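Before any comments, here is the structure.
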Amino acid sequence: MNFIKNYDTIWRHLIDETNENLVPIFDLSNFLIEKTEEGIPLLELLPPPIFQTKIMSGKSIDILDTISSGEMQLITSISSILYHLSNLNSVEEEKGILVKYNYANIILDEIELYFHPEYQRNYIHRLLKDLKSFKFPEIHGINILIISHSPFILSDIPKQNTLFLEVDNNFSVSKEYPSDNTFGENIHEILSNGFFLEETMGAFAKSKVTEFLEFEKYNEDNKTQYKERREEFANLIDLIGENVIRQILKNHLEDLDNKYFDKKDDLEQISKEITRLEILKKKIEDA
1 MNFIKNYDTI
11 WRHLIDETNE
21 NLVPIFDLSN
31 FLIEKTEEGI
41 PLLELLPPPI
51 FQTKIMSGKS
61 IDILDTISSG
71 EMQLITSISS
81 ILYHLSNLNS
91 VEEEKGILVK
101 YNYANIILDE
111 IELYFHPEYQ
121 RNYIHRLLKD
131 LKSFKFPEIH
141 GINILIISHS
151 PFILSDIPKQ
161 NTLFLEVDNN
171 FSVSKEYPSD
181 NTFGENIHEI
191 LSNGFFLEET
201 MGAFAKSKVT
211 EFLEFEKYNE
221 DNKTQYKERR
231 EEFANLIDLI
241 GENVIRQILK
251 NHLEDLDNKY
261 FDKKDDLEQI
271 SKEITRLEIL
281 KKKIEDA
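The numbering used here numbers the first residue of the sequence shown as 1 and each following residue consecutively.
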């Protein structure tokens with residue numbers, strides 16, 4: 001009813017009937033800000049949900065049809081929070097019928113799902129910024145509870161406001177965070193300390209490195225086996241991303257070379273290594 005009532009005075013001036021009945025989004029935004037500052041409830045100004053709403057680019061492309069699932073999750077999560085707060089803010093208390101709530105408790109359970117890491121890193125900042133940009137004069141306080149597995153989210157929350165949980169004998173128990181604070185903490189440190197990871201390397205990568213380091217222990221015919229697998233080990237070392245670990249493995253490979261190869265073997269191995277490195281160099285140059 002508000003849309004019909006306000007059509008001639010409001011919407012007729014905003015709708016561009018010559019251009020597929022589009023409403024310029026900045027004109028709409030400025031209009032809504034102006035009217036809400038005059039004291040008109042936002043819900044009275046918005047068009048009813050019977051309309052199909054699309055956000056079109058300057059090239060007449062439906063923007064919401066082209067964004068990723070993570071971008072859609074980011075938009076819908078924040079806009080949903082703002083919508084419900086606006087709804088609560090607009091309620092007029094009627095005795096025995098409606099209750100006006102002046103405080104809101106928002107629970108976000110793994111809100112970072114679908115998010116690119118950069119969206120996770122910016123989520124708290126963006127949420128608080130958008131909350132501050134809206135006016136909720138009837139809401140006196142907002143509490144936000146976040147359940148998360150994301151170190152990016154945790155880096156924006158002080159340790160004093162965080163409860164760390166660990167599963168012990170099928171029960172969740174609280175655990176102390178070992179570093180000084182989580183707020184502004186290096187995200188990699190939080191991942192290790194705050195989420196109680198047993199390792200910082202993928203399980204498959206660790207199994208391959210362990211297999212290489214324990215090669216001598218489980219192979220009786222070590223020299224023959226080593227010659228057959230030496231190139232495999234060298235390729236594995238080239239793949240390692242951590243410089244310190246890669247250098248340790250290279251040193252171990254040199255120790256095995258000294259142990260299993262004589263001078264003739266050395267010359268043969270050097271020739272193979274030169275060939276392997278030339279192939280690797282060509283791949284890098286062609287990439």
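Every residue gets a Cβ at the ideal spot worked out from N, C-alpha and C, and that includes glycine. Because the structure is a prediction, the values reported are computed rather than measured.
Does residue i pass the burial test, meaning 16 or more other C-beta atoms within 10 Å, or should it be called exposed?
{"i": "residue 180", "result": "exposed"}
{"i": "residue 26", "result": "exposed"}
{"i": "residue 185", "result": "buried"}
{"i": "residue 76", "result": "exposed"}
{"i": "residue 234", "result": "buried"}
{"i": "residue 127", "result": "buried"}
{"i": "residue 79", "result": "exposed"}
{"i": "residue 155", "result": "buried"}
{"i": "residue 148", "result": "buried"}
{"i": "residue 249", "result": "buried"}
Along the beta strand (DSSP E) that carries residue i, what are the first and last residues, could you check?
{"i": "residue 101", "result": "Element bounds for residue 101: n/a, residue is neither H nor E."}
Tell me the DSSP secondary structure of residue i in three-state form.
{"i": "residue 284", "result": "helix"}
{"i": "residue 105", "result": "strand"}
{"i": "residue 62", "result": "strand"}
{"i": "residue 241", "result": "coil"}
{"i": "residue 92", "result": "coil"}
{"i": "residue 151", "result": "helix"}
{"i": "residue 190", "result": "helix"}
{"i": "residue 181", "result": "coil"}
{"i": "residue 157", "result": "coil"}
{"i": "residue 113", "result": "coil"}
{"i": "residue 4", "result": "helix"}
{"i": "residue 51", "result": "coil"}
{"i": "residue 72", "result": "helix"}
{"i": "residue 78", "result": "helix"}
{"i": "residue 248", "result": "helix"}
{"i": "residue 204", "result": "helix"}
{"i": "residue 138", "result": "coil"}
Cα separation between residue i and residue j?
{"i": "residue 120", "j": "residue 153", "result": "6 Å"}
{"i": "residue 259", "j": "residue 243", "result": "24 Å"}
{"i": "residue 193", "j": "residue 151", "result": "10 Å"}
{"i": "residue 69", "j": "residue 275", "result": "46 Å"}
{"i": "residue 45", "j": "residue 117", "result": "36 Å"}
{"i": "residue 111", "j": "residue 216", "result": "48 Å"}
{"i": "residue 285", "j": "residue 273", "result": "18 Å"}
{"i": "residue 208", "j": "residue 188", "result": "23 Å"}
{"i": "residue 90", "j": "residue 108", "result": "23 Å"}
If you follow the alpha helix (DSSP H) that residue i is part of, which residue opens it and which one closes it?
{"i": "residue 172", "result": "First-last for residue 172: 171-174, but that is the beta strand (DSSP E), not the alpha helix (DSSP H)."}
{"i": "residue 30", "result": "25-37"}
{"i": "residue 289", "result": "For residue 289 there is no data in the structure shown, the boundaries of the chain being 1 and 287."}
{"i": "residue 46", "result": "Note, residue 46: premise wrong, no alpha helix (DSSP H); not H, not E."}
{"i": "residue 214", "result": "Counting along the chain, residue 214 falls outside any alpha helix (DSSP H), and DSSP gives it neither H nor E."}
Per DSSP, which one or two residues make a beta bridge with residue i?
{"i": "residue 166", "result": "173"}
{"i": "residue 145", "result": "107"}
{"i": "residue 56", "result": "62"}
Hey, does residue i have any beta-carbon neighbour from chain B nearer than 8 Å?
{"i": "residue 188", "result": "In the structure shown, chain B cannot be found, because there is only a single protein chain."}
Residue i: beta carbon under 7 Å from a heavy atom of the ligand ADP?
{"i": "residue 127", "result": "As for the ligand ADP, it is missing from this structure, which has no ligand bound."}
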